[in-house]
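Engineer: For the sequence shown, this note's numbering assigns the number 1451 to the initial residue and increments by one for each residue that follows. Where is the CB? At the ideal position from N, CA and C, for every residue including glycine.
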Amino acid sequence: MNLRTFLPPLPLPTAAPPEPGEPARELPEPGLLEGQPAVVAFLRHTGCPFAELTARSLREAAAEHPELDWVAVSHARAEPTARWREAIGGLPGIRVLIDADRVHYATWGLGRTSVAHFLGRRSLSDVAWLARQGIRNRHPDGTRWQAAGTFAIDEHGVVRWRHLPTYARSRTRSVAPLSRRNQGSFRPSSSSFTTCPLRNRYTFPASWKTTSPSCRGRTR
């Protein structure tokens, strides 16, 4: 166990998260692929069970829908991220970008959380639940205090949906398969999806319900 991951990092100036309809912000190099819709997941620290579950979900979705650009952003250093990636079985079809200084996290509105966010009752009970599913803590790198989030971005570089979790377990619902229609919109791959009313461009699982009809705000 890396005890340094428990130390709160220095706070960074953190922007408000981009709203649906706003331009996507800069990512670590090489950034987004031009003209291709993308799903970008900013992960918790490597070694975190919730980060692993998110990564596994990304992997499954990328295999089902290779027409999308699947991106995972890690704030761990490059070498620990590579070891973690190998330990969880690899991430084929996913581009992993490194943001060890957490500057891009802050640019996307993802700052430092509270102790309750990752050591609260709900998060700890869900760590136990994940352990029963075979997903356990691995050697960590990064910081446990860093917020995570997921964003869907269209082919024009515009944010169309976002998931900003309120506690650690809710991160696991931030990734799911999406498929593309000919005109650049998306359709569900199962009947358990609900459509984002914002121009009907994206479709997401019903468990990703938003708190307002414009798909703005947090999901729970």
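How many whole angstroms separate the CB atoms of His1515 and Asp1591, which I take to be in contact at a CB cut-off of 8 Å?
Structural biologist: As a first step, residue 1515 must be located in the sequence shown, where it is residue number 65. As a first step, residue 1591 must be located in the sequence shown, where it is residue number 141. With 8 Å as the limit, His1515 and Asp1591 do not qualify as a contact, their Cβ atoms being about 29 Å apart.
Engineer: Please list, in chain order, all residues of the same chain as Ala1556 whose beta carbon is under 7 Å from its beta carbon, the five residues on each side excluded.
Structural biologist: Translated into the one-based positions of the sequence shown, residue 1556 becomes position 106. Counting only Cβ-Cβ distances below 7 Å, and skipping sequence neighbours, we find Leu1462, Pro1463, Thr1464 and Ala1465.
Engineer: By DSSP's criteria, Gly1599 is part of a beta bridge. Which residues make up the other side?
Structural biologist: The sequence position of residue 1599 within the sequence shown is 149, counting from 1. Answer is Phe1492, bridged to Gly1599.
Engineer: Rounded to the nearest angstrom, what separates Arg1612 and Val1523 at their Cα positions?
Structural biologist: In the sequence shown, counting from the first residue as 1, residue 1612 sits at position 162. In the sequence shown, counting from the first residue as 1, residue 1523 sits at position 73. Cα to Cα, the separation comes out at about 15 Å.
Engineer: Measure the alpha-carbon distance for Arg1535 versus Leu1541 and round it to whole angstroms.
Structural biologist: Within the sequence shown, residue 1535 is the residue found at index 85, counting from 1. Within the sequence shown, residue 1541 is the residue found at index 91, counting from 1. So the two alpha carbons sit approximately 7 Å from each other.
Engineer: Mark Pro1487 as exposed unless 16 or more other C-beta atoms lie within 10 angstroms of its C-beta, in which case mark it buried.
Structural biologist: If you number the sequence shown from 1, residue 1487 lands on position 37. It counts as buried.
Engineer: Alpha carbon to alpha carbon, how far is Pro1478 from His1589?
Structural biologist: Working through the sequence shown from its first residue, we reach residue 1478 at position 28. Working through the sequence shown from its first residue, we reach residue 1589 at position 139. Distance between the alpha carbons of Pro1478 and His1589 is about 24 Å.
Engineer: Please determine, among Gly1485, Arg1475 and Cys1498, the residue with the shortest C-alpha to C-alpha distance to Ile1538.
Structural biologist: Along the sequence shown, one-based indexing puts residue 1538 at 88. The residue with the shortest Cα to Cα distance from Ile1538 is Cys1498.
Engineer: Which residues mark the beginning and the end of the alpha helix (DSSP H) in which Trp1534 is found?
Structural biologist: Counting from 1 along the sequence shown, the entry for residue 1534 is found at position 84. First-last of the alpha helix (DSSP H) with Trp1534: Ala1528 to Ala1537.
Engineer: Using the C-alpha atoms, what's the distance from Trp1520 back to Arg1475?
Structural biologist: Within the sequence shown, the letter at position 25 stands for residue 1475. Within the sequence shown, the letter at position 70 stands for residue 1520. Rounded to the nearest angstrom, the two C-alpha atoms are 16 Å apart.
Engineer: To which residues of the same chain is Ser1640 closer than 7 Å at the C-beta, ignoring the five residues directly before and after it?
Structural biologist: Translated into the one-based positions of the sequence shown, residue 1640 becomes position 190. Per-residue confidence for Ser1640 stands at a pLDDT of 30, beneath the threshold of 50, marking its modelled position as unreliable; no derived number is given.
Engineer: If you follow the beta strand (DSSP E) that Leu1547 is part of, which residue opens it and which one closes it?
Structural biologist: If you number the sequence shown from 1, residue 1547 lands on position 97. Unbroken beta strand (DSSP E) run through Leu1547: Ile1544 to Ile1548.
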